[in-house]
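Colleague: Anchor point for the sequence shown: position 182 equals 182 in the numbering used here, and the numbering is continuous, going up by one each time.
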Amino acid sequence: MLDRLNAHFQDVSARDWKLLISLLIVLNAIAIAGLGWLAFDWSSTPPPVVEARALAQAPPTRTPLPTFTTTPTPTFTPSPTNTMVPTWTPTPTDTPTITPTPTDTPTPTNTPKPATVVRRPTATFTPSPSPTPNVDFQASVRQLTACENEGKHHLFIYVRNINGEGMPGVRVRVAWPGGEATMMTGEKVYVDPGFVDFAMFKGSYTVQVLDYVSEIAGPVSPDIPRSETCAETGNPVANSLFHYSYEIVFQKVR
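What follows is the structure, encoded as structure tokens:
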């Protein structure tokens, strides 16, 4: 008998063993859960002695219901009808005529004195303060006359301080379409410490002081197709096409 069982068990595969063991575990879990539920249900059931005590108690005495008395329906008496009162008309009263009381004319007692003339003080004019310039140098341009120029075509540039004195060693830039040149004042001190000049040709030119906030002078040009004669020298082309000159002054203002 045991040999036959061993032969049957040897035919069971590992997979079938696992399935069989899993089923046994599930059945044991169900059995344990059922036992636990029965134990919980038994513990939660009240003891029969309590029920017996509850049944042994005497029933409570019923309180009789009150008797209600019917209230009679009130009888309403209609209100009397109001009688209209006639409207009162006032008796007109005559308005008495008021006689105006004569007004007494006052007799002047004192002769009025002439009014005293009060002279207002003369207003003093206070000049408004000059606005602070927003540049260090302001520029002015003047075209030379025929006798001043005598056929030249130059820019005569002067850089001056607040007191109007020439400032040497100040850089000045002359620009024209396609180029520019930088020069420094003081190279011709025999003319003015703040003087420098520049020869123009065709085109237009602008001038500006460098290293400061400066206005830009120009554009100016020698391209003026007109001839002017100097009466003092008799030069008929003292000012002529491509031969005009300008004086440019840069005045320091702050």
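Backbone N, C-alpha and C fix where the C-beta goes; we use that ideal spot for every residue, glycine too. Since the model is a prediction, treat every value here as computed from it, not as a measurement.
Quick check: the Cα distance between Glu-232 and Asn-149, rounded to an integer number of angstroms?
Modeller: 12 Å
Colleague: Following the continuous beta strand (DSSP E) through Asn-260, name the residue where it begins and the one where it ends.
Modeller: Within the shown structure, residues of the chain are numbered from 1 to 254, placing residue 260 beyond reach of any answer.
Colleague: Please go through the region 137-212 and give each complete alpha helix (DSSP H) segment of 4 or more residues, from N-terminal end onward.
Modeller: 146-149
Colleague: Could you please give the first and the last residue of the uninterrupted beta strand (DSSP E) stretch that includes Val-249?
Modeller: It spans 246-252 - the beta strand (DSSP E) in which Val-249 sits, taken as one unbroken run.
Colleague: Can you check DSSP and say which residues form a bridge with Ser-214?
Modeller: Phe-137, per the DSSP bridge assignment.
Colleague: Out of Ala-181, Gly-151, Leu-210, which has the shortest C-alpha to C-alpha gap to Phe-242?
Modeller: Gly-151
Colleague: Would you mind sorting Tyr-190 into buried or exposed? The rule is 16 or more other CB atoms within 10 Å of its CB.
Modeller: exposed
Colleague: Does the beta-carbon of Asn-163 have 16 or more other beta-carbons within 10 angstroms, so that it is buried, or is it exposed?
Modeller: exposed
Colleague: Do you know offhand how far Leu-210's Cα is from Asn-161's?
Modeller: 14 Å
Colleague: Identify the continuous beta strand (DSSP E) that holds Ala-238 and give its terminal residues.
Modeller: That run of the beta strand (DSSP E) goes 235-239.
Colleague: Going by other Cβ atoms of all chains shown within 10 Å of its Cβ, with 16 needed for buried, is Val-174 buried or exposed?
Modeller: Flag for Val-174 reads buried.
Colleague: Considering only DSSP beta bridges, list what Val-220 is partnered with.
Modeller: Bridge partners of Val-220 according to DSSP: Tyr-205.
Colleague: By how many angstroms is the C-alpha of Pro-225 removed from the C-alpha of Asn-235?
Modeller: 17 Å
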